[in-house]
Amino acid sequence: MPAMSQAMSINLRDSLPGPIAYVLGGGGSYGASQAGQLRALARTDLRPDFVVGTSVGSLNGTILAESPETAGDRLSAFWSLVDRDMIFGSPRTMMVNLAALRPALADPKPLRSLIERSTDSREFSDLQLPLTAVAADVNTGHHVELNSGDLVSALMASAAIPGIFPSVIREGRKLIDGGVLANVPIGIAAEQGAQTIVVLDCGFNLFAPRTDPTLPHALLRATAMMAAAQVRRDLALYTDRTILYVPAKWPAASRPYDFSKSQVNNSESYSLALAWLARLEVDGAGLYGSPPDVTRANVVS
Numbered sequence: 003m004p005a006m007s008q009a010m011s012i013n014l015r016d017s018l019p020g021p022i023a024y025v026l027g028g029g030g031s032y033g034a035s036q037a038g039q040l041r042a043l044a045r046t047d048l049r050p051d052f053v054v055g056t057s058v059g060s061l062n063g064t065i066l067a068e069s070p071e072t073a074g075d076r077l078s079a080f081w082s083l084v085d086r087d088m089i090f091g092s093p094r095t096m097m098v099n100l101a102a103l104r105p106a107l108a109d110p111k112p113l114r115s116l117i118e119r120s121t122d123s124r125e126f127s128d129l130q131l132p133l134t135a136v137a138a139d140v141n142t143g144h145h146v147e148l149n150s151g152d153l154v155s156a157l158m159a160s161a162a163i164p165g166i167f168p169s170v171i172r173e174g175r176k177l178i179d180g181g182v183l184a185n186v187p188i189g190i191a192a193e194q195g196a197q198t199i200v201v202l203d204c205g206f207n208l209f210a211p212r213t214d215p216t217l218p219h220a221l222l223r224a225t226a227m228m229a230a231a232q233v234r235r236d237l238a239l240y241t242d243r244t245i246l247y248v249p250a251k252w253p254a255a256s257r258p259y260d261f262s263k264s265q266v267n268n269s270e271s272y273s274l275a276l277a278w279l280a281r282l283e284v285d286g287a288g289l290y291g292s293p294p295d296v297t298r299a300n301v302v303s
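Oh and the sequence shown: position 284 is 286 in the numbering used here, straight run, nothing missing.
So, in structure tokens, the structure goes:
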């Protein structure tokens, strides 16, 4: 295939039914791959009608909904700077909270500050595109679709990883990270009416097994298995939709709190996604592409 010029556009829109939703999954530092995927998608004639995101996908999705034309570049700049302390705070604070048996290890203030610096929007109504941030209600066990009112508290709720960040009280509900119920919220986008669903999966379900897992590793692996099962369920339920599962540099051999590989994951995801989109041919409803294969994950040492 000849090299593409920066001005070249990949024509896909005419073969896809609307409305079109972009779905951005959760995955901590793996979210850097979505910057590359979005830069590749910007080389097509596709534009989402609305956005659905979970956890880090809701933060990336906010940038997309705020500035659809430049989101990939903005997120590339963001992911080139972000590090673990900017999200989780100091390791010392986490150790103090652990020793004190507090309900959450991390102080949420650094994450809130990062969100507020990353977006000029403060209300959902400030965004150019409709956005849903997915959270989970601790008391009812149901997912919650946050798409109106205060934006920052919604993003904090969507990213409130149980045990890491405290739950968020919003409109009388106790909310935590939506990834416990819908880490890649394909079904939510479908229920909101999307006929074409463009999936940007961080690859969190590739977090691999070990023969001698530590407790944190075992918990992450269990969460990864749950995320993979959610995706399989939604793909089986919505075979009548056109689902584009955009590939990325799914970083199996790193941890979702390791930000050192963000620029590599962004760059390689761009190349993989662009090549896939350039050869994509859509002919009716169905799944195009595939989720990362959890059975082939690399072992994390």
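Quick reminder that beta carbons are idealized off the backbone N, C-alpha and C, glycines included.
Whole-angstrom distance between residue j and residue i, CA atom to CA atom
i: Leu100; j: Ala159; result: 21 Å
i: Ser123; j: Arg281; result: 36 Å
i: Ala73; j: Ala67; result: 8 Å
i: Asp285; j: Leu274; result: 22 Å
i: Arg175; j: Val146; result: 9 Å
i: Thr64; j: Asp236; result: 23 Å
i: Asn300; j: Gln194; result: Per-residue confidence for Asn300 stands at a pLDDT of 43, beneath the threshold of 50, marking its modelled position as unreliable; the derived number appears in the next sentence. Answer to the nearest angstrom: the Cα atoms are 35 Å apart.
i: Thr142; j: Glu283; result: 42 Å
i: Ala287; j: Ser269; result: 30 Å
i: Ser69; j: Arg49; result: 11 Å
i: Thr95; j: Pro105; result: 13 Å
i: Glu71; j: Asn62; result: 14 Å
i: Leu103; j: Pro93; result: 15 Å
i: Ser155; j: Val25; result: 20 Å
i: Pro258; j: Ser17; result: 35 Å
i: Asp51; j: Ile245; result: 15 Å
i: Leu1; j: Thr121; result: This structure does not reach residue 1, given that the chain is present from 3 up to 303, and the question cannot be answered.
i: Asp307; j: Leu222; result: Past the boundaries of the shown model lies residue 307; the chain is included only from 3 to 303, so the question cannot be answered.
Cβ-Cβ distance between residue i and residue j below 8 Å
i: Gly205; j: Tyr32; result: yes
i: Ser57; j: Ala161; result: yes
i: Leu279; j: Ile12; result: yes
i: Pro19; j: Thr198; result: yes
i: Val136; j: Ser35; result: no
i: Leu1; j: Ile190; result: Outside the modelled stretch of the chain, which goes from 3 to 303, sits residue 1, for which no answer is possible.
i: Tyr272; j: Gly38; result: yes
i: Gly291; j: Val248; result: yes
i: Leu107; j: Ile166; result: yes
i: Asn185; j: Gly30; result: no
i: Leu133; j: Asn149; result: yes
i: Phe90; j: Pro112; result: yes
i: Pro187; j: Trp252; result: no
i: Leu83; j: Glu125; result: no
i: Leu40; j: Leu77; result: yes
Extent of the continuous beta strand (DSSP E) run through residue i
i: Ala196; result: Unbroken run through Ala196: none, as it is neither H nor E.
i: Ala280; result: Per DSSP, Ala280 belongs to no beta strand (DSSP E); it is in the alpha helix (DSSP H), 264-281.
i: Leu18; result: From DSSP, Leu18 is part of no beta strand (DSSP E); its letter is neither H nor E.
i: Leu148; result: 145-148
Simplified DSSP state of residue i, which is helix, strand or coil
i: Ile12; result: strand
i: Ile188; result: helix
i: Gly291; result: strand
i: Thr225; result: helix
i: Ala42; result: helix
i: Val248; result: coil
i: Asp179; result: strand
i: Ala23; result: strand
i: Val301; result: Only weak support is given to the placement of Val301: the predicted model assigns it a pLDDT of 41, under 50, and the value that follows is read from those uncertain coordinates. It is coil, neither helix nor strand.
i: Leu202; result: strand
i: Gly59; result: helix
i: Asp51; result: coil
i: Arg234; result: helix
Range of the contiguous alpha helix (DSSP H) that encloses residue i
i: Gly29; result: Per DSSP, Gly29 belongs to no alpha helix (DSSP H) and is neither H nor E.
i: Val170; result: Counting along the chain, Val170 falls outside any alpha helix (DSSP H), though it belongs to the beta strand (DSSP E) covering 170-172.
i: Val284; result: Counting along the chain, Val284 falls outside any alpha helix (DSSP H), and DSSP gives it neither H nor E.
i: Ala156; result: 153-160
Any non-hydrogen atom of the ligand COA within 7 Å of residue i CB
i: Val182; result: Among the components modelled here there is no ligand, and therefore nothing to report on the ligand COA.
Beta carbon proximity, residue i to chain B, threshold 8 Å
i: Val84; result: The chain labelled as chain B is not found in the depicted structure, where only one protein chain is given.
* Asked: At what residue ranges does the stretch 61-142 contain a whole run of the alpha helix (DSSP H), taking only runs of 4 or more?
  -> 73-83, 86-90, 93-101, 111-120
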